[in-house]
Amino acid sequence: MPTSFTTRSSSRGDCSRTRPPRWRGRARSARRTSGNSPTTGWEASSSSRTAPSSWSPTSRAMSSRATRRCSTTASRLSRYGGRPAYRGGSSGGRRNGPPATLLTVAQVLERYTAGPQTGVFTDGSCSGNPGPGGWGVVYVIDGQILDQHHGLEPHTTNNRMEFRAMITGLGLLGPSEPMDVYTDSQLVVNTLTQWAAGWERNGWKRRDGEVKNLELVQEAWRLLRERPLARIRWIRAHDGSLWNEYADSLATAYMRNEV
Numbered sequence: 001m002p003t004s005f006t007t008r009s010s011s012r013g014d015c016s017r018t019r020p021p022r023w024r025g026r027a028r029s030a031r032r033t034s035g036n037s038p039t040t041g042w043e044a045s046s047s048s049r050t051a052p053s054s055w056s057p058t059s060r061a062m063s064s065r066a067t068r069r070c071s072t073t074a075s076r077l078s079r080y081g082g083r084p085a086y087r088g089g090s091s092g093g094r095r096n097g098p099p100a101t102l103l104t105v106a107q108v109l110e111r112y113t114a115g116p117q118t119g120v121f122t123d124g125s126c127s128g129n130p131g132p133g134g135w136g137v138v139y140v141i142d143g144q145i146l147d148q149h150h151g152l153e154p155h156t157t158n159n160r161m162e163f164r165a166m167i168t169g170l171g172l173l174g175p176s177e178p179m180d181v182y183t184d185s186q187l188v189v190n191t192l193t194q195w196a197a198g199w200e201r202n203g204w205k206r207r208d209g210e211v212k213n214l215e216l217v218q219e220a221w222r223l224l225r226e227r228p229l230a231r232i233r234w235i236r237a238h239d240g241s242l243w244n245e246y247a248d249s250l251a252t253a254y255m256r257n258e259v
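Anchor point for the sequence shown: position 231 equals 231 in the numbering used here, and the numbering is continuous, going up by one each time.
Laid out in structure tokens, this is it:
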């Protein structure tokens, strides 16, 4: 059964947590958009969208939003000694072999500055594929963290974690909110921008067989259709883009002793 974790700022400016590690930092006031958003805290969720171009039914200038950022303190990096991790980047949304290090979010913030500074960034990871896996989402406006979530499943696949991250990311947006939603999974982008509409018309069947991870595909497609101003964008994996690396760090948090 999937488990999700949420980190948010309190009204006093301290970052609260629902699982180790401890978070400290300053917070700026933020306005959360009402609508479908993940439940906070430790929870079991019953269920939980990638091509090098954007997709949107229409476009509109992004509305202003207040922002909140939790600045994490530097923390010790521990290596993961288990099976190779599959972490985004190919047509199937996976890459063989673990990185040299698994960075904490604090280390990511210290090391990277490049890439888009506004958007919802999603990523999934799996050790073994199938095996234990995790997903991560960070919502950023002008380089300021508005919200972030991560979770894990004891037995899953990388593609399922990529879809679960996308579902959570879309859920952070209001129905009329224009925003880019990034993923490094070509499978997720192609599914949501090219294939899902046809599968739906065909009774959720492919011409050459069943739709894999159907319940996740249907949920992601539903959320995207309810948010016509959301744009699904592909982002290259592990090329130094700050917030993609940050989402990756959240997705691999289950491999470390700390976020």
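Beta carbons are placed, not taken as given, at the ideal position from N, Cα and C, and that holds for glycine.
Bear in mind the structure is a predicted one, so any value in this text is a computation, not a measurement.
Chain-order list of residues whose beta-carbon lies under 7 Å from that of residue i (same chain, five-residue window excluded)
i      : result
Arg206 : Trp199
Asn213 : Asn159, Arg160, Phe163
Thr113 : Leu242
Leu192 : Arg49, Ala220, Trp221, Leu224, Ile232
Tyr254 : Pro132, Gly134, Leu152
Limits of the unbroken alpha helix (DSSP H) element including residue i
i      : result
Arg206 : Segment: none, Arg206 is in no alpha helix (DSSP H) and carries neither H nor E.
Thr168 : 158 to 171
Arg236 : Taken as a continuous stretch (DSSP letters only), Arg236 belongs to no alpha helix (DSSP H), as it is neither H nor E.
Arg256 : Taken as a continuous stretch (DSSP letters only), Arg256 belongs to no alpha helix (DSSP H), as it is neither H nor E.
Leu187 : 186 to 190
Arg227 : Careful: Arg227 lies outside any alpha helix (DSSP H) and carries neither H nor E.
Val108 : 105 to 111
Where the beta strand (DSSP E) containing residue i begins and where it ends
i      : result
Ala196 : Ala196 -> not in any beta strand (DSSP E); alpha helix (DSSP H) instead, spanning 196 to 201.
Thr183 : 179 to 183
Val137 : 131 to 141
Val120 : 119 to 127
Integer-rounded CB distance, given that residue j should sit under 8 Å from residue i
i      : j      : result
Gln117 : Gly143 : 4 Å
Trp204 : Gln218 : 7 Å
Ala251 : Asp147 : No, Ala251 and Asp147 are not in contact; Cβ-Cβ is about 16 Å, not under 8 Å.
Ala230 : Val181 : 6 Å
Cβ-based neighbour list, residue i, same chain, cut-off 8 Å, excluding 5 preceding and 5 following
i      : result
Pro130 : His155, Thr156, Thr157
Ala100 : In this prediction, Ala100 scores a pLDDT of 41, lower than 50, which makes its location untrustworthy; no coordinate-derived value is stated.
Same chain, Cβ closer than 6 Å to residue i, neighbours up to 5 away in sequence not counted
i      : result
Ala61  : With a pLDDT of only 36 at Ala61, under the threshold of 50, the placement of this residue in the model should not be trusted; the figure read from the coordinates follows. If we look at Ala61 and ignore the five residues flanking it on each side, it has no Cβ neighbours.
Glu110 : none
**Asked** Do the segment 243 to 257 and the segment 129 to 141 make contact, defined as three or more Cβ pairs closer than 8 Å?
**Response** yes
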